[in-house]
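Here the structure comes first, spelled out in structure tokens, and everything after it is commentary.
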Amino acid sequence: MLVNFAETITITRHNPGDYVDGEWAAGAYVAGEFEPAEAETFEVEISGHIQPINIKKQGDLQLMQLFGVQHPQGLIRILSNDELWIVDKEAKTRGDIIPHDGRNYELQIVSKHPKFPPTHWAGVALLVDEKTAYP
Amino acid sequence: MIPLQRVFDAFSEWIQAATDVAPNKIVKKLPPNNSPEPTGLFFMVSFGNAKRVGQVDHVGYPDEGEYLLSAHRMIPVSVQAFGPEAYEKMLEVDRCRDIPTIKQIFIDAQIGIIRSSEVRDLSALKSARVEGRAQMDVFVYAGALISESVDPAEQLDYTLEIEDADEIAGEIT
Chain P
3 MLVNFAETIT ITRHNPGDYV DGEWAAGAYV AGEFEPAEAE TFEVEISGHI
53 QPINIKKQGD LQLMQLFGVQ HPQGLIRILS NDELWIVDKE AKTRGDIIPH
103 DGRNYELQIV SKHPKFPPTH WAGVALLVDE KTAYP
Chain W
1329 MIPLQRVFDA FSEWIQAATD VAPNKIVKKL PPNNSPEPTG LFFMVSFGNA
1379 KRVGQVDHVG YPDEGEYLLS AHRMIPVSVQ AFGPEAYEKM LEVDRCRDIP
1429 TIKQIFIDAQ IGIIRSSEVR DLSALKSARV EGRAQMDVFV YAGALISESV
1479 DPAEQLDYTL EIEDADEIAG EIT
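Protein chains in written order, with our numbering: chain P, 3 to 137; chain W, 1329 to 1501.
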């Protein structure tokens, strides 16, 4: 029996950007002049499924150590049928912001699985702390 | 407010003139909040512990107009380069420091370069491959003027109550 757990999740996606006057801003350089994007972020609906971290799994514990997370609520795992954006210096993108359980999580790592139909993306997102989050 | 943006802009102009890097390759701090680092060689200009120049800031007290406080601070600026030829490019930045056009950038920004350190090659392993890194400290004096309007009292209203008028009556003329 194949059960599809996917549901519609509205995530916040950053417009691609670049550095202007030393600071990151959404937009791009056109003929040497920086043109800011219409908005810093926009919302996207994806079809996916969010799972909590399982502290009984060695792999998940290692993920928590990797990101310096003290509590399982600090990380979530997301499986998506749609592409997820992650920080990428070539594409000049930032990680997607995924709301879950009243908190915001920023996508840290993503792997694309093309060989298992349907093609899907599996990622891990880290809790956004308001003290370390820059606009 | 100490004009850190003005200091950054002057350094950015200096680095661009010395190395021909694009303005989007000069950043203020390590990419915060997961914004990606620039591709290829890039520079980072960050600020160290600012120190008051002298014991107290000078304040001018005019009769009218504005009080003027001159706050001068010595700011250590750390210039760092990451990527291919980081050390060579940093040497270029250091070499151009006293060229008149570069000096003019700092004169226009009202910033004084006091001294700069040696250029350090800090190349290190990154994911099992060597990433070129270089660093140089530059100490600058930067000032800020803070003004506050002088508000002299032109009129004072008061009332005087005399309890025993007879005792002081002789003193009032």
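Don't be surprised by glycine CBs; every beta carbon is placed ideally from N, CA and C.
- With contacts defined as CB atoms closer than 8 Å, Gln-1463 (chain W) and Gln-1408 (chain W) qualify as a contacting pair.
- In the structure shown, Glu-85 (chain P) falls within a coil segment according to DSSP collapsed to helix, strand and coil.
- Shown here for Thr-10 (chain P): same chain residues with a beta carbon closer than 7 Å to its own, the five before and five after excluded, namely Glu-47, Ser-49 in chain order.
- A contact is defined here as three or more CB-CB pairs under 8 Å, and the stretch 52-62 of chain P fails this definition with respect to the stretch 17-27 of chain P.
- Residue burial annotation: Ala-1346 (chain W) is buried, with at least 16 other C-beta atoms found within 10 angstroms of its C-beta.
- In the three-state reduction of the DSSP assignment, Asn-1362 (chain W) falls in the helix class, which pools H, G and I.
- Of all residues in the stretch 8-35 of chain P, only Gly-19, Asp-20, Tyr-21, Val-22, Asp-23, Gly-24, Glu-25, Trp-26, Tyr-31 place a beta-carbon less than 8 Å from a beta-carbon of chain W.
- Annotated three-state conformation of Gln-1438 (chain W) is coil, per DSSP.
- Taking the CA atoms as reference points, Glu-1482 (chain W) sits about 29 Å from Asp-1385 (chain W).
- In this structure Trp-87 (chain P) is not in contact with Gly-76 (chain P), their Cβ atoms being roughly 21 Å apart against a cut-off of 8 Å.
- Among the CB atoms of chain P, one or more fall inside 8 Å of the CB of Ile-1354 (chain W).
- Residues of the stretch 86-111 of chain P with a C-beta atom less than 9 Å from some C-beta of chain W are Ile-88, Val-89, Asp-90, Lys-91, Glu-92, Ala-93, Lys-94, Thr-95, Arg-96, Gly-97, Glu-108, Leu-109, Gln-110, listed in chain order.
- Our two residues, Met-1402 (chain W) and Val-1466 (chain W), have alpha carbons roughly 10 Å apart in a direct line.
- Taking C-beta separations shorter than 8 Å and ignoring five residues to either side along the sequence, the partners of Glu-45 (chain P) in its chain run Thr-12, Ile-13, Thr-14, Arg-15, following chain order.
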